[in-house]
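The structure appears right after this line, and notes come after that.
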Amino acid sequence: MAHRLLRDLEADGWERSDFPIICETCLGDNPYVRMTKANFDKECKICARPFTVFRWKAGRDSRYKKTEICQTCSKLKNVCQVCVLDLEYGLPVQARDSALEVDTSDVIPKSDVNREYFAEEHDRKVDHESSFGKVRPNDMILKLQRTSPYYKRNRAHICSFFVRGGCQRGDACPYRHEMPVTGELSQQNIKDRYYGLNDPVAAKLLKKAEEMSTLTPPDDTTVRTLYVGGLDERVTTEDLKDNFYSYGEIESLRLVPQRACAFITYTTREDAEKAAEDLAHKLVVNGVRLKLMWGKPQAAKSDLSSGGGAQEEQSNEDGGAAEQDDGVAYYLPPPAPLSDNPYYPSMDPQRMGSVPFRKDEASSSNSLLQLQNAYEYPEPQPAPAAVTSQEQYYHDQY
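The numbering of the sequence shown is the working numbering, which starts it at 136 and goes up by one.
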């Protein structure tokens with residue numbers, strides 16, 4: 136607090152900022168987010184210096200979030216001010232440092248004077264250089280990194296009254312009515328997360344990375360195709376070529392948008408094995424994590440159907456009249472009837488209740504066309520001849 140007597144208000148060591156340093160997940164999915172700003176509202180939970188606190192609602196069904204640490208501490212570790220996860224990979228500090236083999240375990244002094252001096256020295260260091268962004272990510276980082284935001288983390292907290300069985304608000308309660316999950320993951324500390332010590336989430340991720348299996352090449356040496364799954368509209372054929380052509384010559388690349396997958400075939404088996412070994416569990420294209428597997432060998436044509444040969448011979452004997460149906464014809468409308476005079480339901484004389492004279496009773500199993508032929512409509516009577524005289528008229532009538 137000795138700096139409060141200085142004339143320069145900027146030299147007091149307190150943070151003044153206009154926008155927080157937060158990750159995409161903590162910001163939320165609402166593009167029209169409203170954010171409040173409070174200067175020197177709280178003290179940093181790491182260095183205990185006053186800093187500017189920002190508060191906002193991360194989404195419609197999310198809770199209100201606020202910054203927890205100052206921007207100086209955030210820049211030192213390259214972490215979010217809210218969740219204290221890495222801004223680039225979305226990993227805890229312990230998992231990131233273990234994967235990159237970097238030692239960032241700093242000890243902040245306990246006394247007020249030493250703490251302020253420590254913070255000022257780091258402020259000068261942050262302004263001129265940064266220790267992050269200079270190390271190339273290794274295989275473990277690429278396997279564990281989160282490429283898309285995880286908005287489920289912004290859900291409301293669990294209602295403590297519901298856990299005790301005394302919540303009276305029901306559906307109107309803004310908190311979740313669920314039972315809490317117990318275990319190691321429920322015991323988390325923000326300082327342990329920041330310094331990378333005894334972090335249960337980082338330990339779980341590191342254990343998961345060690346248990347990841349490698350892609351074992353199939354026994355069939357003729358298989359040279361790799362399966363790529365999890366595609367969407369952001370991934371194109373050119374993007375896949377840019378990621379796979381460096382491992383060898385590509386014989387064919389077939390993209391199947393309906394199945395959200397692609398098949399990449401190399402000219403040699405060695406190139407396919409090298410690509411599968413280097414890109415397994417770490418294939419990320421345009422921010423989309425893709426699944427890589429070996430393609431399955433196709434079954435021989437003779438094994439698909441035992442009667443296929445006889446059917447082909449029959450079609451050949453017929454002069455090729457019976458050709459193989461195209462798959463597209465399945466989705467076409469049915470063809471028009473082959474008869475010259477098609478019969479329609481409106482041509483049925485019994486449709487409107489009238490029953491004209493017919494020669495014989497047709498069986499119920501006959502078709503409508505047979506019924507139509509069975510009916511005989513009476514021919515119209517010719518008009519009477521002109522009467523010439525009254526005598527001739529009586530002679531014709533009586």
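In this text, a Cβ means the ideal position worked out from N, Cα and C, and glycines have one as well.
In this text the structure is predicted, and so the values were computed from the model without any measurement.
Worksheet item: For the alpha helix (DSSP H) that E178 lies in, which residues bound it at each end?
Response: Careful: E178 lies outside any alpha helix (DSSP H), inside the beta strand (DSSP E) at M170 to E178.
Worksheet entry | Check whether V298 and G365 have beta carbons under 8 Å apart | no
Practice prompt. Enumerate in chain order the residues of its own chain whose CB-to-CB distance from D153 is below 6 Å, with the five nearest sequence positions on each side excluded.
Written response: none
Worksheet entry | As assigned by DSSP and simplified to three states, the class of E368 | coil
Discussion item. Check whether the stretch 408–419 and the stretch 346–358 touch, using three or more Cβ-Cβ pairs below 8 Å as the test.
Written reply: yes
Discussion item. So, for V385: in the same chain, excluding its five sequence neighbours on each side, which residues have a beta-carbon less than 8 Å away from its beta-carbon?
Written reply: The identity of residue 385 in the sequence shown is Ile, whereas the question assumes Val. Correct list, in chain order: K376, F379, I399, T400, Y401 and T402.
Worksheet item: Which residues share a DSSP beta bridge with K426?
Response: DSSP lists G364 as partners of K426.
Discussion item. So, for Y310: in the same chain, excluding its five sequence neighbours on each side, which residues have a beta-carbon less than 7 Å away from its beta-carbon?
Written reply: A291, H292, I293 and C294
Worksheet entry | Proximity to I157 [Cα-Cα], best of R198, Q303 and T202 | T202
Worksheet entry | Beta-bridge pairing of T400 - partner residues as DSSP gives them | Answer is T360 and S387, bridged to T400.
Worksheet item: Between H539 and the rest of its own chain, which residues show a CB-CB distance below 7 Å, the 5 nearest in sequence each way excluded?
Response: No answer is possible for residue 539: it lies beyond the span of the chain, which begins at 136 and ends at 533.
Worksheet item: Between the C-alpha atoms of E251 and Q303, what's the straight-line distance to the nearest angstrom?
Response: Those two C-alpha atoms are separated by around 48 Å.
Worksheet entry | Residues that D327 bridges to, as DSSP identifies them | DSSP, once it has assigned bridges, lists no residue as partnering D327.
Worksheet item: Going by DSSP, what residues sit across from S197 in a beta bridge?
Response: DSSP, once it has assigned bridges, lists R290 as partnering S197.
Worksheet item: Between G331 and the rest of its own chain, which residues show a CB-CB distance below 6 Å, the 5 nearest in sequence each way excluded?
Response: Here G331 has V228, Q229 and D232 as same chain residues with Cβ atoms under 6 Å from its own Cβ, once five neighbours each way along the sequence are excluded.
Item to complete: Mark Y329 as exposed unless 16 or more other C-beta atoms lie within 10 angstroms of its C-beta, in which case mark it buried.
Response: buried
Discussion item. Let's test the definition: count the other Cβ atoms within 10 Å of the Cβ of E313 and tell me whether it reaches 16, buried, or not, exposed.
Written reply: exposed
Discussion item. If you reduce the DSSP assignment to three classes, tell me which class F189 lands in.
Written reply: Taken through DSSP and simplified to helix, strand or coil, F189 comes out as strand.
Item to complete: Could you check if M428 is buried or exposed, using at least 16 other CB atoms within 10 Å of its CB as the buried criterion?
Response: exposed
Item to complete: From the DSSP output, in three-state form, read off D221 for me.
Response: strand
Discussion item. For Y286 and G430, which I take to be in contact (beta-carbon distance under 8 Å), what is that distance rounded to the nearest angstrom?
Written reply: Not confirmed; about 34 Å, so no contact.
Fill in: Reference L390; option with closest CA among E373, K342 and N289
The candidate whose alpha carbon is nearest that of L390 is E373.
Item to complete: With distances taken Cα to Cα, identify the nearest neighbour of P432 among L320, L361 and A344.
Response: L361
Fill in: In DSSP terms, what R231 is bridged to
Answer is none; R231 lacks a bridge partner.
Fill in: Simplified DSSP state of R151, which is helix, strand or coil
coil
Item to complete: May I ask you to list the residues that DSSP assigns as paired with V420?
Response: BP columns for V420 point to V423.
Item to complete: Determine the direct distance from the alpha carbon of V370 to that of V420, and round the result to whole angstroms.
Response: Each residue's alpha carbon lies about 7 Å from the other.
Worksheet item: What residue range is occupied by the uninterrupted alpha helix (DSSP H) comprising L320?
Response: L320 -> no alpha helix (DSSP H), and no H or E assigned at all.
Fill in: Spatial distance of F189 from C161 (CA atoms)
Each residue's Cα considered, the two are about 12 Å apart.
Worksheet item: How many whole angstroms separate the CB atoms of L129 and L340, which I take to be in contact at a CB cut-off of 8 Å?
Response: Beyond the ends of the chain as shown, which are 136 and 533, falls residue 129; an answer cannot be given.
Worksheet item: Quick one: what's got a C-beta closer than 8 Å to N289's C-beta in the same chain, skipping five residues either side?
Response: Closer than 8 Å at Cβ, skipping near neighbours: T160, C161, G163, A193, G194, S197, R198 and K200.
Fill in: Exposure of T187, with buried meaning 16 or more beta-carbon neighbours within 10 Å
buried
Worksheet item: According to the neighbour-count rule (16 or more other Cβ atoms, all chains shown, within 10 Å of its Cβ), is Y224 buried or exposed?
Response: Answer is buried; the Cβ neighbour count reaches 16.
Practice prompt. Could you tell me the distance, in whole angstroms, from the CA atom of V363 to the CA atom of L226?
Written response: 25 Å
Worksheet entry | Beta bridge counterpart(s) of V214 as assigned by DSSP | D221
Worksheet item: In whole angstroms, what separates the C-alpha of R151 from that of A337?
Response: One C-alpha to the other measures close to 32 Å.
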